[in-house]
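Colleague: For our numbering, count along the sequence shown from 1 and bump the result up by 2.
The structure is given below, and queries will be raised subsequently.
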Amino acid sequence: MIEACLFDLDGVVVDTAKYHFIAWKALAEELGFEFTLEDNERLKGVSRMQSLDILLEIGGLQFSEPEKLAMAEKKNTLYVCYIEKMTPEETLPGVEKFLQELRNAGIGIALGSASKNAPMILERIQLSGMFDAIVDGNSISEAKPNPEVFLKGAEKLGVLPENCVVFEDAIAGIEAAQNANMYSVGIGDQETLGFADLVIPGFEGFTVEKLKACLPF
Ligand code: B16
Ligand code: MG
Numbered sequence: 003m004i005e006a007c008l009f010d011l012d013g014v015v016v017d018t019a020k021y022h023f024i025a026w027k028a029l030a031e032e033l034g035f036e037f038t039l040e041d042n043e044r045l046k047g048v049s050r051m052q053s054l055d056i057l058l059e060i061g062g063l064q065f066s067e068p069e070k071l072a073m074a075e076k077k078n079t080l081y082v083c084y085i086e087k088m089t090p091e092e093t094l095p096g097v098e099k100f101l102q103e104l105r106n107a108g109i110g111i112a113l114g115s116a117s118k119n120a121p122m123i124l125e126r127i128q129l130s131g132m133f134d135a136i137v138d139g140n141s142i143s144e145a146k147p148n149p150e151v152f153l154k155g156a157e158k159l160g161v162l163p164e165n166c167v168v169f170e171d172a173i174a175g176i177e178a179a180q181n182a183n184m185y186s187v188g189i190g191d192q193e194t195l196g197f198a199d200l201v202i203p204g205f206e207g208f209t210v211e212k213l214k215a216c217l218p219f
C-alpha cells in the first residue's frame, strides 16, 4: 500500500535550473570561459560544490578549497537574487493539484532535494505547508545517488521505504530512489529516464488514481 510520495524540487516542482544557469554562467565568464546550456544539464540534481567542480573541469581550471568556497558563495548570492523573486506561478503545471490530491487521500508528502535553498523556494511558491517533511541540502551528508535524502524523508514521515514513491528528474535521483528501495517515477523523457519504474512528462493530467494503477504494491 502506498504510504508516501517524495518529491525532488528542481525539475519536478519548479524549474530553478534556468536560474542556476544564469549564475554559473556569470561565474564562468568572470573566470574567462564559456558555459553553455548543454553544460548546465550536467549540473541538474548535483550538489553546489560538485557543480562547481564540474564547471571548473569544463574551464580546465584548478583552485584551492578556500577559493572554491568563495566562488560557490558568490554564485549562490547571485542565484538567491533570482529565487527571491519567484512567485507561485512558477510552480510546474499540475504539481499543486497533485499534491492536494495526495493530501486528500491521506498519503504523506516529503521533499527530497539537494538544494540548500529549498526552504526559501518553497516559501516563495507558497507550497511549504503542503510538505509533511522536508529533507534538503542542509540536512544530508551524502549526495544522490546515495539514498540518504529519501531514506531520511521516509524516516521523518514514519513510513516504510518500500511503500514510498519518488518523483525525480535527474538520473542520479532515480538511482537514489532505487537504492532506497522505493518506486521511482521519472519526470522527463523516456530516452533519458527509461530505467525508472515509470516515466511521465509532467504532472499535468496525472492523478493519484493513475499512479495507483501503475504501482505493484
Ligand atoms: P543549491 P534538486 C539541485 O536541486 C539542483 O538540481 C542542482 O542543480 C543544484 O546544484 C543543487 O540542487 C544544489 O542547489 O546550490 O541551491 O544548494 O534537483 O535536488 O531539487
Ligand atoms: Mg532535480
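Glycine is no exception: its CB is placed at the ideal position from the N, C-alpha and C atoms.
Specify, as a first and last residue, the run of the beta strand (DSSP E) that Glu91 falls within.
Modeller: Run containing Glu91: none; DSSP gives neither H nor E here.
Colleague: In chain order, what residues of the same chain have a beta carbon less than 7 Å from the beta carbon of Arg44, not counting five sequence neighbours either side?
Modeller: Excluding its 5 nearest sequence neighbours in each direction, Arg44 has C-beta neighbours in its own chain below 7 Å: Ile56, listed in chain order.
Colleague: Considering just the uninterrupted stretch of the alpha helix (DSSP H) at Gly175, what are its terminal residues?
Modeller: 173-181
Colleague: Using 8 Å for Cβ pairs, my map puts Ile127 next to Cys7. What's the rounded Cβ distance?
Modeller: Not confirmed; about 17 Å, so no contact.
Colleague: Comparing the CB of Gly196 with every heavy atom of the ligand MG, is any distance shorter than 7 Å?
Modeller: no
Colleague: By DSSP's criteria, Cys166 is part of a beta bridge. Which residues make up the other side?
Modeller: Ala6
Colleague: Could you say which of Pro90, Leu162, Leu11 lies nearest to Glu5 if we only look at CA atoms?
Modeller: Taking only the C-alpha atoms, the option nearest Glu5 is Leu162.
Colleague: Quick one: using the 10 Å Cβ neighbour count with 16 as the cut-off for buried, is Ser115 buried or exposed?
Modeller: buried
Colleague: Could you check which residue in Glu177, Lys214, Phe169 has the C-alpha nearest to that of Val187?
Modeller: Phe169
Colleague: Less than 8 Å between C-beta atoms, sequence neighbours within five positions excluded: which residues of the same chain meet that for His22?
Modeller: Asp12, Asn42, Leu45, Ser53, Tyr81
Colleague: What residue does the alpha helix (DSSP H) around Ser53 start on, and which one ends it?
Modeller: Its alpha helix (DSSP H) spans residues 50-61.
Colleague: Taking the straight line between their C-alpha atoms, what separation do you get for Glu211 and Leu217?
Modeller: 10 Å
Colleague: What I want to know is whether the C-beta of Asp191 ends up closer than 7 Å to one or more non-hydrogen atoms of the ligand MG.
Modeller: no
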